[in-house]
Amino acid sequence: MPDYHSDDKRRRGIYLLPNAFTTANLFAGFYAVVQAMNGRFEIAAIAIFLAMVFDGMDGRVARLTNTQSAFGEQYDSMADIISFGVAPAFVMYVWALQDLGRWGWLAAFVFVVGAALRLARFNTNIAVVDKRFFQGLPSPAAAALIAGFVWLSVDNKLNIDAQPLAWGAFALTVYAGVAMVSNAPFYSGKSFALGRSVPFWVMLLFVLLFVFVSSDPPIVLFSLFILYSVSGWVVMFWRWRKARQLRQRKATSGASM
Numbered sequence: 027m028p029d030y031h032s033d034d035k036r037r038r039g040i041y042l043l044p045n046a047f048t049t050a051n052l053f054a055g056f057y058a059v060v061q062a063m064n065g066r067f068e069i070a071a072i073a074i075f076l077a078m079v080f081d082g083m084d085g086r087v088a089r090l091t092n093t094q095s096a097f098g099e100q101y102d103s104m105a106d107i108i109s110f111g112v113a114p115a116f117v118m119y120v121w122a123l124q125d126l127g128r129w130g131w132l133a134a135f136v137f138v139v140g141a142a143l144r145l146a147r148f149n150t151n152i153a154v155v156d157k158r159f160f161q162g163l164p165s166p167a168a169a170a171l172i173a174g175f176v177w178l179s180v181d182n183k184l185n186i187d188a189q190p191l192a193w194g195a196f197a198l199t200v201y202a203g204v205a206m207v208s209n210a211p212f213y214s215g216k217s218f219a220l221g222r223s224v225p226f227w228v229m230l231l232f233v234l235l236f237v238f239v240s241s242d243p244p245i246v247l248f249s250l251f252i253l254y255s256v257s258g259w260v261v262m263f264w265r266w267r268k269a270r271q272l273r274q275r276k277a278t279s280g281a282s283m
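So the numbering used here is basically just the index in the sequence shown, starting at one, shifted up by 26.
Laid out in structure tokens, this is it:
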């Protein structure tokens, strides 16, 4: 006789799994805020990167275990606005932007509202956009730009005066906030399925990437996310150029007829 009670308990346990990763994401974002208040900016930056790891795992775990739910989607968005909206803006403000007065908190607010609008647009357009690309810079990547800049500056003690450093933080924060609400296409990586078998060289590539990041995490991670943050504009320009060439060919062929 089947044990239906045991099956029900197992089903509830599976559904708790992705939400547990979302909770870890939320905790890491909250922890980053607490550490920034205590002046421990390096730990705050690392906590934001850990939130990114947990955020990347909850959705994939849900898909692998077939435990997607409307509650999980909403909970994930709530956690993301804290971990990748409020937390990075607060860390950057306390670390550098507060020296700029009202310009500092305005830059931080641009980032927060950009993250909120980005998440709202993602939730409403999830069924109509190309799944291979995000519309606008993803909020975790934008948060990584902020956290990476703070971590790099604190860990390597960049020899830059406080005022130029604050304005550099201002420019980066505003850019990240605006990029999130842009229409630039950024590669999503969703076409890569964890449950699918891959060639041996892919595993070797992951090992080399891990070694590369471990060599100097602040520099490597910030550099990687800088490249990613401009990749969408490169793709956008390439698409525009391709469409322009196509229109020119059509115009030329139409005139020759």
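Just so you know, even glycine gets a beta-carbon here, dropped at the ideal spot from N, CA and C.
Which of the three DSSP states, helix, strand or coil, is assigned to Q161? Here residue 161 refers to the residue found at position 135 when the sequence shown is read from its first residue. In the three-state scheme derived from DSSP, where H, G and I count as helix and E and B as strand, Q161 is classed as strand.
Which partner residues of F212 appear in the DSSP bridge assignment? Taking the sequence shown and counting its residues from 1, the one referred to as residue 212 is at position 186. Bridge partners of F212 according to DSSP: F160.
Is the beta carbon of F75 less than 9 angstroms from the beta carbon of G174? Mapped onto the sequence shown, residue 75 falls at position 49. Mapped onto the sequence shown, residue 174 falls at position 148. A contact, by the Cβ cut-off of 9 angstroms.
M83 versus P44: straight-line alpha-carbon distance, rounded: The residue you call residue 83 lines up with position 57 of the sequence shown. The residue you call residue 44 lines up with position 18 of the sequence shown. In this model, M83 and P44 are separated by some 8 angstroms (Cα to Cα).
Buried or exposed for R267, going by 16 or more other Cβ atoms inside 10 Å? Taking the first residue of the sequence shown as position 1, residue 267 is located at position 241. Classification of R267: exposed, given that the 10 Å Cβ count is below 16.
Using only CA atoms, which one of V79, S103, M118 and A133 lies nearest to V200? Position 174 of the sequence shown holds residue 200. Here the closest residue by C-alpha is A133.
If we ignore side chains and look at the alpha-carbon of each, how far apart do A115 and R273 end up? As a working note, residue 115 is residue 89 in the sequence shown. As a working note, residue 273 is residue 247 in the sequence shown. Spanning the two alpha carbons is a distance of roughly 43 angstroms.
Taking one C-beta from the segment 202–217 and one from the segment 247–257 each time, how about it: are there three or more such pairs within less than 8 angstroms? Verdict: yes, contact present.
Secondary structure of V207, DSSP reduced to three states: Reading the sequence shown from its first residue, position 181 is the one you call residue 207. Correct three-state label for V207: coil.
Taking 9 angstroms as the threshold (C-beta atoms), are S214 and S157 in contact? Your numbering for residue 157 matches position 131 in the sequence shown. Your numbering for residue 214 matches position 188 in the sequence shown. One detail in the question is off: residue 157 reads as Lys in this sequence, not Ser. Cβ atoms of K157 and S214: closer than 9 angstroms.
Rounding to the nearest angstrom, what Cα-Cα distance links V261 and D125 in this structure? To locate residue 261, count along the sequence shown from 1; it is residue 235. To locate residue 125, count along the sequence shown from 1; it is residue 99. Near 36 angstroms, if we compare the C-alpha coordinates of D125 and V261.
From A210, D187, A188 and A70, pick the residue whose C-alpha is nearest to that of F160; which is it? Walking along the sequence shown from the start, residue 160 turns up at place 134. Ranking A210, D187, A188 and A70 by Cα distance to F160 puts A210 first.
Would you kindly work out how many angstroms separate the C-alpha atoms of Q271 and V79, rounded to a whole number? Here residue 271 corresponds to residue number 245 of the sequence shown, with the count starting at 1. Here residue 79 corresponds to residue number 53 of the sequence shown, with the count starting at 1. Pairing Q271 with V79, the inter-Cα distance amounts to about 40 angstroms.
Exposed or buried, S32, counting other C-beta atoms within 10 Å across all chains shown (16 or more means buried)? Within the sequence shown, residue 32 is the residue found at index 6, counting from 1. Since pLDDT at S32 reaches only 45, below the 50 mark, its modelled position is unreliable, and the value read off the structure follows with that caveat. Answer is exposed; the Cβ neighbour count stays below 16.
Would you be able to state if there are at least three C-beta pairs under 8 angstroms between the segment 103–113 and the segment 163–183? By the Cβ criterion, the segment 163–183 is in contact with the segment 103–113, since at least three pairs of Cβ atoms, one from each stretch, lie closer than 8 angstroms.
Is Q86 helix, strand or coil when you go by DSSP? If you number the sequence shown from 1, residue 86 lands on position 60. Contrary to the premise, residue 86 reads as Arg rather than Gln in this sequence. DSSP places R86 within a helical segment (H, G or I) once states are collapsed to three.
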